[in-house]
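> My questions all concern the structure below.
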Amino acid sequence: MAELLASWAAEERWMYPAFLAMYAVIYCIGQLGLFRRWEWRHRLDGASCLISLAHGSAAALAAVAAIAAQPPERRGFAAPNSRLQDHVLDYSVAYFTMDLLHYLAFLPGDTLFIAHHIATLFVFLTCRYLAHHGAYALLILLFLAEVTSLLQNVWTLAGIWRAEVPAAARVYNALSVPFYVLYTIVRGVAGPIFFIKMSMFYLSGQAVDVIPWWVRISWIIVVGPAITVSNLWIWNLWKELLRERKQTMKKKDT
């Protein structure tokens with residue numbers, strides 16, 4: 001991983017096309033190969049999870065490495081983007097582009113996911129290609145968003161088959177609580193704290209000379225609701241889990 005990131009840091013070419021091609025290949029492997037025997041909706045979900053697996057943990061590690069590679073004085077909300085940080089942003093932009101195309105082509109009714117991907121792409125693209133500053137903040141948000149990715153995708157894939165495959169049900173049940181706890185800590189505690197800190201900085205006007213005001217405000221407008229929706233989602237999962245546990249206990253008592 002360290003050697004790969006070092007090569008990215010030295011790479012002067014635009015890497016987005018290569019990243020997008022990589023995700024397209026992985027997606028096709030899932031759709032046409034690994035999951036071709038699955039029923040159609042399961043096949044779609046499986047292919048989406050596969051590219052998410054390719055993106056999530058790698059993006060989280062790369063985000064941390066890209067921030068750590070900068071000297072302390074260049075780790076700030078208004079700091080200019082480094083070349084490595086730009087490549088990490090492109091890596092994520094390529095993933096969200098591929099997954100957005102997946103939803104537009106096959107699941108156009110999933111408006112929440114489509115809106116989320118469009119909003120995320122807007123934030124990343126304005127940072128990468130317009131402001132050329134602010135990657136520090138967005139890469140920390142990327143880390144917080146993707147550090148749960150591996151657990152979430154395995155949990156999701158197990159959930160697809162839990163009604164039909166006993167082993168999948170066991171995996172799903174075993175992962176539910178650890179995944180919910182980690183997600184709650186990251187999205188319910190760390191995410192809001194960092195978002196408040198980021199918002200206070202950008203609203204103070206300290207980045208006025210390097211990041212246009214409308215870009216800063218739009219980032220706040222996009223990220224805030226995204227964190228809120230994530231917390232509502234995990235809250236509903238906790239409620240469902242507790243309801244299932246109560247029902248199981250009642251059955252045992254009878």
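Counting from 1, one number per residue, gives the positions in the sequence shown under the UniProt record's numbering. Yeah, the Cβ is synthetic: ideal placement off N, Cα and C, and Gly gets one too.
1) Output the boundary residues of the alpha helix (DSSP H) element that contains tryptophan 161.
2) Which first and last residues belong to the alpha helix (DSSP H) in which aspartate 110 is found?
3) Under a three-way DSSP split, which group does proline 80 fall into?
4) Is the number of C-beta pairs between the segment 44-61 and the segment 146-155 that are closer than 8 Å three or more?
5) Which of the three DSSP states is assigned to histidine 132 in this structure?
6) Can you tell me whether serine 7 is buried or exposed, with buried defined as 16 or more other CB within 10 angstroms of its CB?
7) At what residues does the alpha helix (DSSP H) containing proline 178 begin and finish?
8) Using a threshold of 7 Å, state whether the C-beta atoms of leucine 157 and cysteine 49 are closer than that.
9) Decide if the segment 121-133 is in contact with the segment 208-225; the criterion is three or more beta carbon pairs, one per stretch, under 8 Å apart.
10) Tell me whether the beta-carbon of arginine 187 lies closer than 7 Å to the beta-carbon of serine 218.
11) Taking the alpha-carbon positions, what's the alanine 190 to glutamine 152 distance?
12) Do you know whose CA, among Ser176, Pro225 and Met98, lies nearest lysine 239's CA?
13) Can you check whether the C-beta of glycine 134 is within less than 7 Å of a C-beta belonging to chain C?
14) Could you check where the alpha helix (DSSP H) with arginine 41 kicks off and where it finishes?
15) My assumption, with CB atoms under 8 Å, is that isoleucine 227 sits in contact with phenylalanine 201. Please give the rounded CB distance.
This is what the structure holds:
1) Boundaries of the alpha helix (DSSP H) harbouring tryptophan 161: 149-161, taken from the DSSP string.
2) In the DSSP assignment, aspartate 110 falls outside any alpha helix (DSSP H), carrying neither H nor E.
3) Proline 80: strand per DSSP, three-state reduction.
4) Cβ pair count under 8 Å is three or more, so yes.
5) Here histidine 132 sits in coil by DSSP.
6) Exposed.
7) Under the DSSP assignment, proline 178 falls in the alpha helix (DSSP H) whose first and last residues are 166-183.
8) Contact flag set, yes.
9) Flag = yes, the segment 121-133 and the segment 208-225 touch.
10) Contact flag unset, no.
11) The alpha-carbon atoms of alanine 190 and glutamine 152 are separated by roughly 18 Å.
12) Looking from the CA of lysine 239, the closest CA among Ser176, Pro225 and Met98 belongs to Ser176.
13) In the structure shown, chain C does not exist; there is a single protein chain.
14) Boundaries of the alpha helix (DSSP H) harbouring arginine 41: 40-68, taken from the DSSP string.
15) Contact doesn't hold; Cβ gap of about 16 Å is too wide.
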